[in-house]
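What follows is a short report on a single structure.
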Amino acid sequence: MNMTKILLTILVVAVIGILGLMIYQSQQKSPAQQMADDFGEVTEEIGDEIDDATTN
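For the record, in the sequence shown the residue sitting at position 43 is 25 according to the working numbering, with numbers rising by one throughout.
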């Protein structure tokens, strides 16, 4: 009985660790994703500036 509790505890800790690692990795962006986001942001800012300059 005591050995069963120890193994169950080890299994639960391992599952929680794996889930935590998966969540952490899913929230990280790759360098390519970061560069694409930055490029999109720059493009949007340039478009806004052109729109502001042509509206006034």
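All residues carry an ideal CB built from backbone N, CA and C; glycine is no exception. These numbers come from a predicted model, not from an experiment.
Quiz item: When you compare only the Cα positions, how much space is there between Met(-15) and Val(-6)?
Solution: If you draw a straight line from the Cα of Met(-15) to the Cα of Val(-6), it is about 14 angstroms long.
Self-check item: Ser12 in three-state terms, based on DSSP
Solution: The answer is coil: DSSP assigns Ser12 none of H, G, I, E or B.
Quiz prompt | For Met17, three-class secondary structure by DSSP | solution = Three-state result, Met17: helix.
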